[in-house]
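Here the structure comes first, spelled out in structure tokens, and everything after it is commentary.
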Amino acid sequence: MCALLRPPALSRFVSVRFKSAAASQSLATKRGRDLRNPSSPDFLTFEDPQAFKAKSFWELVRALGVFRLCSFPALVNHCGKFVAGETEGEIAESMQKMSSLGLHPMLAVPIEEDLGESTGAVNNVSIDFAFDHGTLYIYSERRYEDNLTAMLACVHMSHSKGWSKNPMMQLKITALVSPELCAKLTSLLKTEQYDLNLLVRAMDGEEVVFPALNASENTHLLLGLQRLNKIGEASVGKVRVLVDAEYTYMNPALSLVTTAMMKKFNQRSAWIWNTYQCYLKESRNLLLEAIQTSVDQSFCLGVKLVRGAYMDKERKLAEKEGRTDPIHESWERTNDSYNGCLGIMLNLISEKPDRYMIIVATHNEESVRRAVTRMEELGLHGDGSSVCFGQLLGMCDHVSLTLAQHGFSVYKSVPYGSVDDTLPYLVRRAQENRTVLQGIRKERDLLRRELRRRLKEKIAGARQEKPQKSV
Ligand SMILES: Cc1cc2nc3c(=O)[nH]c(=O)nc-3n(C[C@H](O)[C@H](O)[C@H](O)COP(=O)(O)OP(=O)(O)OC[C@H]3O[C@@H](n4cnc5c(N)ncnc54)[C@H](O)[C@@H]3O)c2cc1C
1 MCALLRPPAL SRFVSVRFKS AAASQSLATK RGRDLRNPSS PDFLTFEDPQ AFKAKSFWEL
61 VRALGVFRLC SFPALVNHCG KFVAGETEGE IAESMQKMSS LGLHPMLAVP IEEDLGESTG
121 AVNNVSIDFA FDHGTLYIYS ERRYEDNLTA MLACVHMSHS KGWSKNPMMQ LKITALVSPE
181 LCAKLTSLLK TEQYDLNLLV RAMDGEEVVF PALNASENTH LLLGLQRLNK IGEASVGKVR
241 VLVDAEYTYM NPALSLVTTA MMKKFNQRSA WIWNTYQCYL KESRNLLLEA IQTSVDQSFC
301 LGVKLVRGAY MDKERKLAEK EGRTDPIHES WERTNDSYNG CLGIMLNLIS EKPDRYMIIV
361 ATHNEESVRR AVTRMEELGL HGDGSSVCFG QLLGMCDHVS LTLAQHGFSV YKSVPYGSVD
421 DTLPYLVRRA QENRTVLQGI RKERDLLRRE LRRRLKEKIA GARQEKPQKS V
């Protein structure tokens, strides 16, 4: 499929590139700024401490204090900087603050499961039963139904409060379908073909029988697809739902069900988005395949582009199982892969901004600069209709705030809930994002510089005031 796509697609990208060079000239002049030229004052260096100008003095002090506390792992649970709060009131307050800084929230319910973590794995489902409002739930289904309730509340909160023009939220499929089944489906997909239409019919409630699954697995998949259908129905026309990518032993199954959701809900615009992890050697092919499928099946494609969070575990597992490492051998290769996929998407968007959309989900300044430069060249809007940026709450605010101040649409991934719910999620994110946490050093230095600048300003102001008072 990819081989078929590549030649015409690439030639189209080349033609776009020529066209865009002329377009960009006029755009830069029209906007009166030049984000592409390193010697221009508009060039994004992410070195200006005034990126924090919208933060109050005490917010700067708090941020620095939090970074200090977070150097002690046991204190991470006090980091309100990384979590929106627990009650609706607390969350609303955090979101209003975020809006005042020109940033948008992307809510994330902190539920996720890995293999062996489900309390009632799909193979044991016949053991526990429970009645609720006259409905018989198998115990493990009840847990996933509870997760569905939380996800639907997240859909509602994301759009009903008016925090953002184009609301977004994150969704983990393993909160609604057991990871064991996702892993089994993934291994089946190596030999079996699962027709998208079959999945869509199952989402609509038809009693479909899927090949190679036993009866309880089939039932669980049907119920899981119906749960995903409810998310799709609640969000279409209101909230963009960004499905997270997880481990390679599950991802093909996650992509399959996500593609089925896209086929059903993305006819007019991209409401369901998938995530592409550029640390994977196969990421470019996966993206090109997704683009081809979106053309063949006539749906809009929304892409969350990330480098990938599970590098260490993926590598260890591949080594243990004697498989080839699925991850690029170096960070530089991952960067090339990221920038390549970014280029493909931006070129496509410049041709069909209503059919293709992307969130450039990275803290990497170089990738952000590349995206901004290419957007300027292609004349793409930064208003978030087709291209936006994403960072994690509390991480690299100097990047997020600088982008927002230049008029780009920026989303912060915001986990919310009780400390008990969010702590395991945060610890995982912290482990996965060690390199990003190192980048915090720069943010901390910029915060210190901004604080020093304000203190100097205050002292200078006080000195000027003094003689007047004594007159
Ligand atoms: C809004 C948002 C949503 C996200 N959603 C997901 C998701 O659904 N799934 C997911 O997996 N991740 C997700 N992430 C996390 C993301 O994948 C990265 O782990 C994180 O953002 C760090 O990458 P970076 O580009 O920001 O930073 P950088 O510091 O530029 O890159 C660090 C990343 O580079 C890669 N890397 C580092 N060293 C090497 C090496 N030696 N060889 C090869 N590659 C290397 C790793 O992927 C590492 O995480 C999300 C991030 C954001 C901001």
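Take the sequence shown: its letter number 386 is residue 386 in UniProt numbering, and every next letter is one higher. C-beta atoms are modelled at their ideal positions from N, C-alpha and C, and glycine is treated no differently. Given the structure is predicted, the values throughout are model-derived calculations rather than measurements.
Would you kindly check if the distance between the Cβ of arginine 240 and the Cβ of alanine 212 is under 8 angstroms?
Going by C-beta atoms, alanine 212 is not nearer than 8 angstroms to arginine 240.
With hydrogens ignored, establish whether the beta-carbon of valine 257 is closer than 7 angstroms to any heavy atom of ligand 1.
Flag unset: Cβ of valine 257 not near ligand 1.
Do you know offhand how far methionine 311's Cα is from tyrosine 279's?
Roughly 8 angstroms between the two C-alpha positions.
Three-state secondary structure (DSSP) of isoleucine 275:
Rather than isoleucine, the amino acid found at residue 275 in this sequence is threonine. Correct three-state label for threonine 275: strand.
Please return the same chain residues whose Cβ sits closer than 8 angstroms to the Cβ of leucine 189, not counting the five positions on each side in sequence.
The answer, listed in chain order, is Pro252, Ala253, Leu256.
Let me confirm a value: phenylalanine 52 is counted as buried when at least 16 other C-beta atoms fall within 10 Å, else exposed. Which label applies?
Buried, because 16 or more other Cβ atoms sit within 10 Å of the Cβ of phenylalanine 52.
Can you round the beta-carbon distance between leucine 305 and isoleucine 291 to whole angstroms, since I take them to be within the 8 angstroms contact cut?
Not confirmed; about 13 angstroms, so no contact.
Could you check whether the Cβ of glutamate 329 sits closer than 8 angstroms to any Cβ belonging to chain D?
In the structure shown, chain D cannot be found, because there is only a single protein chain.
Does the beta-carbon of alanine 309, which I'm using as the reference point, lie nearer than 7 angstroms to any heavy atom of ligand 1?
Yes - ligand 1 has a heavy atom lying nearer than 7 angstroms to the Cβ of alanine 309.
My guess is that histidine 398 and phenylalanine 46 are in contact by the Cβ rule of under 8 angstroms, so how many angstroms apart are they, rounded?
About 6 angstroms separates the two Cβ atoms, so the contact holds.
Return the CA-CA distance between methionine 95 and valine 61, expressed in angstroms with no decimal places.
Methionine 95 and valine 61 have their C-alpha atoms roughly 20 angstroms apart.
Of the choices Gly407, Lys313, Glu329, whose alpha-carbon is the least far from that of valine 387?
For valine 387, the closest of Gly407, Lys313, Glu329 by C-alpha to C-alpha distance is Gly407.
With a threshold of 6 angstroms on Cβ separation, who are the neighbours of aspartate 421 within its own chain once the five nearest residues in sequence on each side are excluded?
Within the same chain, and ignoring the five residues on either side of aspartate 421 in sequence, the residues whose Cβ sits closer than 6 angstroms to its Cβ are Pro110.
Pull the bridge partners of tyrosine 356 from the DSSP assignment, please.
DSSP lists Leu301 as the bridge partner or partners of tyrosine 356.
Buried or exposed (CB count within 10 angstroms, at least 16 for buried), proline 326:
Note on proline 326: 16 or more other CB atoms within 10 angstroms of its CB, so buried under the neighbour-count rule.
For tryptophan 331, is the classification buried or exposed, using 16 other Cβ atoms within 10 angstroms of its Cβ as the cut-off for buried?
Taking all protein chains shown into account, tryptophan 331 has fewer than 16 neighbouring C-beta atoms within 10 Å of its C-beta and is therefore exposed.
Inspect the CB distances between the segment 353 to 373 and the segment 334 to 345 and report whether three or more fall short of 8 angstroms.
A contact exists between the segment 353 to 373 and the segment 334 to 345.
Mapping the DSSP letters down to three states, classify valine 306 as helix, strand or coil.
DSSP places valine 306 in strand when its eight states are reduced to three.
I'd like to know whether the C-beta atoms of leucine 101 and alanine 404 end up nearer to each other than 8 angstroms.
With contacts defined as CB atoms closer than 8 angstroms, leucine 101 and alanine 404 qualify as a contacting pair.
Measure the alpha-carbon distance for lysine 352 versus alanine 361 and round it to whole angstroms.
Near 21 angstroms, if we compare the C-alpha coordinates of alanine 361 and lysine 352.
Taking the CB atoms as reference points, tell me whether glycine 390 and methionine 106 lie closer together than 8 angstroms.
Taking 8 angstroms as the Cβ cut-off, glycine 390 and methionine 106 qualify as a contacting pair.
Taking DSSP as the reference, what is the three-state secondary structure of methionine 250?
The answer is coil: DSSP assigns methionine 250 none of H, G, I, E or B.
Bridge partners of arginine 240, per DSSP?
By DSSP's assignment, arginine 240 forms a beta bridge with Met168.
Find the nearest neighbour of methionine 262 within the set Leu287, Gly461, Gly232, judged by alpha-carbon distance.
Residue Gly232 is the option with its Cα nearest to methionine 262.
Identity of the residues DSSP links to serine 367 by a beta bridge:
Answer is none; serine 367 lacks a bridge partner.
Which of helix, strand or coil DSSP assigns to alanine 212:
Reduced to three states, the DSSP call for alanine 212 is coil.
Can you grab the Cα-Cα spacing for the pair arginine 350 / histidine 363, in whole Å?
Reading off the sequence, residue 350 comes out as serine, not arginine. The straight-line gap separating the alpha-carbon atoms of serine 350 and histidine 363 is approximately 23 angstroms.
Assigned exposure category for serine 126 - 16 Cβ within 10 Å defines buried:
The predicted model places serine 126 with a pLDDT of 36, which falls under 50 and marks its position as unreliable, so this point remains unresolved.
Return the first residue and the last residue of the beta strand (DSSP E) that methionine 106 is part of.
If you look at methionine 106, you'll find it in the beta strand (DSSP E) that goes 104 to 108.
Have a look at the DSSP bridge pairing and note the partners of leucine 188.
DSSP, once it has assigned bridges, lists no residue as partnering leucine 188.
Only counting runs of 4 or more residues, tell me where the alpha helix (DSSP H) segments fall wholly within the segment 384 to 414, in order along the chain.
Runs found: 397 to 405.
Spatial distance of glutamine 267 from threonine 248 (CA atoms):
The alpha-carbon atoms of glutamine 267 and threonine 248 are separated by roughly 28 angstroms.
DSSP puts alanine 361 in a beta bridge; with which residues?
Per DSSP, the beta-bridge partners of alanine 361 are Gly390.
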